[in-house]
Amino acid sequence: MSTLEVFFRGQIDSICGQICFKVIIPNQDVDILMLFLVYEHAPHYGISLTADTSTKEHELPMNFLSGSGCSYCLEIYGLRKKIESDREFYEYQSYGRKVFQVMKGHSASNLNLNLRLSTQECAFLPVDCASKDNLQISIHHKPNSRYTFKSNQKYQSDKTWILIFKQHGEKISFFIYTGKRLKFTLPFELHAARNCEIKAIIGSVLYESDVVRIIANEVNSEKLRFKSYFTKQEYQALLKRTLSFIKTLPGKFQTIDYLYRNKSEMYFASIREYHSGIMKPYKKDHNGDPYSVINGHIDGLFFSTALDFQTMKPLPESLYGPVRFNIDASTLFTPNFNLYFADFYCHYRVHYVTVVLTPKRSPTDKFCEGRLHKLDIRHNPFICLSETKEDFYEVIVYLSNGIRVEVFYTEAVNISRIIENQQGHFERVPTIGRGESRPTGIPKNNLCKICNL
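If you count the sequence shown from 1, position 206 lands on 206 in full-length UniProt numbering, and the numbers rise without skipping.
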């Protein structure tokens with residue numbers, strides 16, 4: 001296989017000597033080289049450079065100090081130019097890295113270093129050292145699977161942002177973005193349910209021509225790790241798994257009198273004392289599937305529908321606290337709400353189905369409509385409104401020994417008014433296990449062959 005050779009030259013001690021890097025590129029699919037040259041223990045001080053491989057000689061605007069005891073780190077990525085959605089970016093092809101020092105004896109002579117790039121997959125992002133800047137990058141998701149990255153950090157003048165993005169199983173992508181503040185949308189949709197990471201190197205342009213761009217580094221951000229969410233296609237597949245599992249279980253629909261919520265005494269005391277008796281929704285935690293799109297994005301309150309098979313009443317014990325608030329199921333479940341399938345998971349024993357119950361045409365309803373599978377609130381496999389002969393509604397839930405339905409209700413609940421209207425009541429229940437919920441939730445069992453895609 002033929003190779004390319006590109007040379008980069010810099011000065012040692014300003015005028016006393018010259019350092020030369022010969023970069024050997026093993027394939028012909030490289031359009032540009034991207035160099036990250038920094039002091040190993042001070043990555044803020046250094047340069048980022050993009051160079052067209054059509055030009056074989058380039059000058060580095062750095063003075064390498066001999067005998068300083070300082071190690072330099074040079075990382076070079078061979079990249080191929082791509083265009084998607086009218087946006088130009090670069091995709092990983094090869095990589096090389098060299099850490100070196102300039103000895104005192106080199107100040108009066110030349111130092112030649114060879115660096116052969118490898119075409120093996122590179123698993124880490126550039127300048128991934130201990131010293132990093134805490135740049136706050138937020139992630140914004142739009143269906144089906146578009147992602148935008150924003151930062152509140154605003155500069156007085158335009159900066160060059162080198163964004164480096166990696167999705168598990170895919171090649172690293174490099175984007176060069178210019179602006180005072182970061183607001184950047186990936187030009188392609190992401191695969192669902194993948195681990196991803198992104199970082200930014202920010203600086204000012206020192207020199208730019210048709211074949212080279214040299215940037216003085218100012219910020220080397222930490223990596224932001226995130227997971228790409230399920231799309232509607234994944235939710236359809238997860239729903240199909242759920243229905244297949246239900247078919248294997250003996251079960252039936254059963255009328256329930258209450259939706260209930262188990263919590264600590266302190267939790268309910270705080271609501272009475274500080275929130276005027278109103279139980280306010282809060283951000284959905286990371287309980288269940290880690291790729292669920294509702295995690296950290298919508299607010300709500302979890303209510304259980306689980307029944308004891310012998311008494312057909314709510315379970316006699318609680319995992320989450322000794323105080324139970326029971327609310328008439330038909331008080332929350334009304335025809336003015338929409339219902340969405342949101343999750344199917346297990347914690348090694350019982351399987352759970354999560355449904356979202358939210359008012360029609362509300363902001364949360366709009367969020368769910370574009371991302372989740374909508375259920376018919378009067379006819380679905382999990383929990384339904386059933387109209388009685390007296391034109392009242394009752395709530396029926398699918399009851400089976402292997403599966404439980406939990407309702408994520410997205411509105412505030414006025415406990416004081418519920419009690420006053422005799423639509424609910426408190427009771428004490430014995431606790432088992434931890435006796436409290438975990439603040440961040442418990443991820444699903446990722447080894448289960450039933451509920452994992």
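Ideal Cβ positions, reconstructed from N, Cα and C, are used throughout, including at glycine.
Spatial neighbours of residue i in its chain, beta-carbon cut-off 6 Å, leaving aside the 5 residues before and after
i      : result
Phe344 : Leu238, Thr242, Val353 and Cys451
Leu60  : Phe8 and Gly10
Arg181 : Lys154
Val211 : Asp52 and Thr55
Phe333 : Leu385 and Val395
Spatial distance of residue i from residue j (CA atoms)
i      : j      : result
Thr388 : Glu222 : 58 Å
Thr185 : Phe89  : 12 Å
Gly203 : Ser66  : 26 Å
Arg151 : Gln136 : Per the sequence presented here, residue 151 reads as Ser, with Arg not at that position. Rounded to the nearest angstrom, the two C-alpha atoms are 6 Å apart.
Leu115 : Phe36  : 14 Å
Gly288 : Thr231 : 16 Å
His140 : Cys122 : 27 Å
Gln422 : Asn220 : 59 Å
Leu113 : Ile201 : 25 Å
Tyr95  : Glu75  : 7 Å
Pro290 : Gly402 : 22 Å
Val127 : Tyr92  : 16 Å
Asp158 : Lys183 : 13 Å
Phe341 : Asn445 : 19 Å
Met34  : Lys81  : 12 Å
Ser318 : Asp376 : 30 Å
Glu420 : Lys360 : 26 Å
Pro430 : Arg324 : 10 Å
Ile214 : Glu273 : 60 Å
His425 : Val407 : 18 Å
Tyr267 : Glu208 : 60 Å
Glu265 : Arg417 : 19 Å
Contacts around residue i, its chain only, beta-carbon distance under 8 Å, and the 5 residues preceding and following it disregarded
i      : result
Gln18  : Arg9, Gly10, Gln11, Ile12, Asn110 and Leu111
Asp133 : His44, Val219, Asn220, Ser221 and Glu222
Gln167 : Leu190, His191, Arg194, Asn195, Cys196 and Ser228
Span of the beta strand (DSSP E), counted from its first residue to its last, around residue i
i      : result
Leu163 : Lys159 to Gln167
Asp343 : Phe337 to Cys346
Cys70  : That residue, Cys70, is in no beta strand (DSSP E); it is neither H nor E in DSSP.
Arg417 : Run containing Arg417: none in the beta strand (DSSP E); it sits in the alpha helix (DSSP H), Ile415 to Glu420.
Glu394 : Tyr393 to Ser400
Contact belief for residue i with residue j at Cβ below 8 Å, rounded distance in angstroms
i      : j      : result
Tyr320 : Asn262 : 4 Å
Leu125 : Ile164 : 5 Å
Val356 : Gly300 : 7 Å
Glu5   : Val23  : 7 Å
Thr311 : Phe337 : Thr311 to Phe337, Cβ: 28 Å. No contact.
Ala412 : Lys280 : 5 Å
His286 : Thr440 : 6 Å
Residue from the options with nearest C-alpha to residue i
i      : options                           : result
Phe302 : Cys196, Tyr260 and Glu197         : Tyr260
Tyr77  : Ile172, Lys360, Arg434 and Asn63  : Ile172
Gln156 : Glu170, His168, Gly179 and Cys20  : Gly179
Gln254 : Tyr398, Glu406 and Ile25          : Tyr398
Lys142 : Tyr393, Ile246, Val323 and His297 : His297
Val99  : Asp257, Cys73 and Ser264          : Cys73
Leu315 : Ile256, Phe268, Lys284 and Thr331 : Ile256
Thr50  : Ser330, Leu79, Ser304 and Met103  : Leu79
Glu427 : Phe382, Lys366, Glu369 and Asn326 : Asn326
Pro26  : Ser118, Ile32 and Asn380          : Ser118
Val293 : Tyr348, Leu372, Ala306 and Asp308 : Leu372
Arg404 : Thr331, Phe309 and Ile83          : Phe309
Ser330 : Arg438, Asp86 and Tyr258          : Tyr258
Gln28  : Ser362, Phe245 and Thr3           : Thr3
Cys16  : Arg87, Val102 and Gln233          : Val102
Start and end residues, alpha helix (DSSP H) containing residue i
i      : result
Met266 : Glu265 to Tyr274
Lys232 : Lys232 to Lys247
Ala329 : Ala329 to Leu332
Same chain, Cβ closer than 7 Å to residue i, neighbours up to 5 away in sequence not counted
i      : result
Arg378 : Cys384 and Leu385
Ser145 : Glu189, Leu190, Ala192, Ser228 and Thr231
Short CB-CB distance (under 8 Å) between residue i and chain D
i      : result
Tyr258 : You won't find chain D in this structure, because it holds only one protein chain.
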